[in-house]
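Residue numbers (the numbering used here): 1 to 213. We treat Cβ as the ideally placed atom computed from N, Cα and C, and that holds for glycine.
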């Protein structure tokens with residue numbers, strides 16, 4: 001098999017995988033955590049064994065969907081952090097970007113963060129095993145941004161990771177509570193969370209030579 005043929009087959013496989021993920025997205029938007037492999041296979045017009053061939057099991061499909069949505073969310077968060085605005089405005093914009101994403105697609109959020117809520121035929125799905133790495137990835141990504149932009153002193157790498165994971169944990173916990181109870185507007189929640197973070201973020205300087213925060 002020559003290189004051109006292998007490349008063509010890889011493009012075809014990648015396209016098919018995207019089509020299956022789009023079918024899975026449609027089912028998740030409809031069914032939330034109750035989305036099953038049977039329903040996703042039916043939406044894609046294939047049998048469940050073919051779906052397993054592409055993703056292995058529900059955990060494999062979950063991981064692919066989580067990467068797809070996390071990639072998009074991280075791109076949006078980076079754009080908010082890079083916007084030409086004062087630091088406080090960018091902090092609020094970043095918080096609002098996360099909250100607006102989970103508000104716009106709550107069924108997707110629940111599938112990713114509370115997949116066992118609707119479990120029926122897909123038993124044995126370990127929630128923590130699959131959702132915790134998603135939050136850890138976001139924490140590490142934010143830690144990298146903080147480390148590149150803020151001067152946190154001689155222990156900056158460790159502190160950047162503490163801040164990154166701490167902020168992601170706060171956003172996730174507060175957002176999860178807010179999405180379930182809606183005790184206030186999104187704007188009110190954004191301002192309150194920014195107030196909580198602002199004291200230390202206002203005081204710390206930018207890293208010399210970095211892109212600024």
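Spatial neighbours of residue i within its chain, please: CB distance less than 8 Å, with the 5 preceding and 5 following residues excluded, ordered by chain position.
i           : result
residue 48  : 37, 38 and 41
residue 206 : 149, 150, 151, 212 and 213
residue 194 : 88, 91, 92 and 95
residue 8   : none
residue 181 : none
residue 202 : 87 and 88
Are residue i and residue j close, meaning C-beta to C-beta below 9 Å?
i           : j           : result
residue 106 : residue 179 : yes
residue 141 : residue 166 : no
residue 52  : residue 175 : no
residue 183 : residue 111 : no
residue 100 : residue 114 : no
residue 145 : residue 29  : no
residue 138 : residue 196 : no
residue 103 : residue 191 : no
residue 17  : residue 64  : yes
Sort out for me which residues DSSP pairs residue i with in a bridge.
i           : result
residue 206 : 150
Could you name the residues of the same chain whose beta carbon sits closer than 7 Å to that of residue i, not counting the 5 residues immediately before and after it, in chain order?
i           : result
residue 11  : none
residue 160 : 143, 146, 147 and 152
residue 27  : 35, 39, 40 and 43
residue 81  : 90, 94 and 145
residue 157 : 147
residue 77  : 94, 97 and 98
Tell me where the alpha helix (DSSP H) around residue i begins and ends.
i           : result
residue 103 : 87-104
residue 57  : Where residue 57 is concerned, there is no enclosing alpha helix (DSSP H), given that its DSSP letter is neither H nor E.
residue 175 : 156-181
residue 35  : Counting along the chain, residue 35 falls outside any alpha helix (DSSP H), and DSSP gives it neither H nor E.
Closer than 6 Å by C-beta to residue i: which residues in its own chain qualify, once you throw out the five before and the five after it? Chain order, please.
i           : result
residue 46  : none
residue 210 : 148 and 149
residue 188 : none
Can we say the region 16-35 touches the region 57-69, given the rule of at least three CB pairs closer than 8 Å?
Result yes; three or more Cβ-Cβ pairs closer than 8 Å.
Is the region 168-176 in contact with the region 79-86, if contact means three or more CB pairs nearer than 8 Å? Output reads no: the region 79-86 does not touch the region 168-176.
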